[in-house]
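A.B. asks: Sending over a structure as structure tokens; questions will come in a sec.
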Amino acid sequence: MIDIAWNSFTPWSALAGGLLIGLAAAGFILLNGRIAGISGILGGLLTPRSSDIGWRVAFIAGLVIAPIVWIIAGDLPEIRIEAGYPMIIFAGLLVGIGTRFGSGCTSGHGVCGISRLSPRSLVATVCFMATGFVTVYLVRHVFGG
Numbered sequence: 016m017i018d019i020a021w022n023s024f025t026p027w028s029a030l031a032g033g034l035l036i037g038l039a040a041a042g043f044i045l046l047n048g049r050i051a052g053i054s055g056i057l058g059g060l061l062t063p064r065s066s067d068i069g070w071r072v073a074f075i076a077g078l079v080i081a082p083i084v085w086i087i088a089g090d091l092p093e094i095r096i097e098a099g100y101p102m103i104i105f106a107g108l109l110v111g112i113g114t115r116f117g118s119g120c121t122s123g124h125g126v127c128g129i130s131r132l133s134p135r136s137l138v139a140t141v142c143f144m145a146t147g148f149v150t151v152y153l154v155r156h157v158f159g160g
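Using my numbering, read the sequence shown as starting at 16 and increasing by one per residue.
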């Protein structure tokens, strides 16, 4: 049975957030000719070319600074993670490895690739989502987590 936390159901703010992400991704590709895929942007910093460093650092800095600005403007929503640090680190490493094998992450394939009608991105996003669904089902219902 699915239990929906109706107090946390916020379709208007979710719609606004989705629109902002879409506009930012569209603006990024139109103004810079680059895909706003986080793993590709971060990966480019690991093997930098001098002409690429500035915008990559600015993009990552924006991701880090945005929550700080939110805290100044008001309280952040409560974040509850029901896992310990070893599991979070392990999961992060798995995501990192997966983005290298998948040649991108959900932001690159799911937001930017699908909007460009990329068949490869459609397949990658379906694989990401299906894996997520199966993982949640196994952890919550089969293994009893």
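Here a beta-carbon is modelled for each residue, glycine too, at the ideal position from N, C-alpha and C.
All of these numbers come straight from a predicted model, not from anything done at the bench.
Would you mind sorting H156 into buried or exposed? The rule is 16 or more other CB atoms within 10 Å of its CB.
C.D. replies: Along the sequence shown, read from residue 1 onward, the residue named residue 156 stands at position 141. H156 is exposed by the Cβ-count criterion.
A.B. asks: With DSSP collapsed to three states, give me the class of G69.
C.D. replies: The residue you call residue 69 lines up with position 54 of the sequence shown. Correct three-state label for G69: helix.
A.B. asks: I believe G52 touches C120 by the beta-carbon criterion, under 8 Å. Please report the beta-carbon distance rounded to the nearest angstrom.
C.D. replies: Within the sequence shown, the letter at position 37 stands for residue 52. Within the sequence shown, the letter at position 105 stands for residue 120. Going by Cβ atoms, the distance from G52 to C120 rounds to 6 Å, so yes, they are a contact pair.
A.B. asks: Classify A40: buried if its beta carbon has 16 or more other beta carbons within 10 angstroms, exposed otherwise.
C.D. replies: For the purposes of this step, residue 40 is taken as the residue at position 25 of the sequence shown. By the neighbour-count rule (16 or more Cβ atoms within 10 Å), A40 is buried.
A.B. asks: For G123, is the classification buried or exposed, using 16 other Cβ atoms within 10 angstroms of its Cβ as the cut-off for buried?
C.D. replies: Here residue 123 is taken as the residue at index 108 of the sequence shown, counted from 1. By the 10 Å Cβ count, G123 comes out buried.
A.B. asks: Considering Cα atoms alone, identify which of T146, S54, D67 is closest to G48.
C.D. replies: Translated into the one-based positions of the sequence shown, residue 48 becomes position 33. Among T146, S54, D67, the Cα nearest to that of G48 belongs to D67.
A.B. asks: Counting only runs that start and end within the region 21–72, where is the alpha helix (DSSP H) found for 4 or more residues in a row?
C.D. replies: For the region 21–72, whole alpha helix (DSSP H) runs of length 4 or above, ordered along the chain, are 26–47, 53–61.
A.B. asks: Quick one: give me the first and last residue of the alpha helix (DSSP H) that F109 is part of.
C.D. replies: What you label residue 109 is simply residue 94 of the sequence shown in a count that begins at 1. The sequence given here has Leu at residue 109, not Phe. Its alpha helix (DSSP H) spans residues 100–116.
A.B. asks: Measure the Cβ-Cβ separation of I19 and V126 and say whether it is below 8 Å.
C.D. replies: As a first step, residue 19 is located in the sequence shown; it is residue number 4 there, counting from the start. As a first step, residue 126 is located in the sequence shown; it is residue number 111 there, counting from the start. Not in contact: I19 and V126 (Cβ atoms no closer than 8 Å).
A.B. asks: How many angstroms separate the CA atom of L61 from the CA atom of A106?
C.D. replies: For the purposes of this step, residue 61 is taken as residue 46 along the sequence shown, with counting starting at 1. For the purposes of this step, residue 106 is taken as residue 91 along the sequence shown, with counting starting at 1. Their backbone Cα atoms lie some 20 Å apart in a straight line.
A.B. asks: Given a threshold of 16 other Cβ atoms within 10 Å of its Cβ, counted over all protein chains shown, does A139 qualify as buried or as exposed?
C.D. replies: Along the sequence shown, one-based indexing puts residue 139 at 124. Per the 10 Å Cβ criterion, buried.
A.B. asks: Give me, in chain order, the residues of the same chain whose beta-carbon lies closer than 6 Å to that of G42; leave out the 5 immediate sequence neighbours on both sides.
C.D. replies: Taking the first residue of the sequence shown as 1, we reach residue 42 at position 27. Cβ neighbours of G42 beyond the five flanking positions: none.
A.B. asks: For S65, count neighbouring Cβ atoms within 10 angstroms of its own Cβ and tell me buried if that reaches 16, exposed if not.
C.D. replies: Here the question's residue 65 lines up with position 50 in the sequence shown. It is exposed - the Cβ of S65 has fewer than 16 other Cβ atoms within 10 Å.
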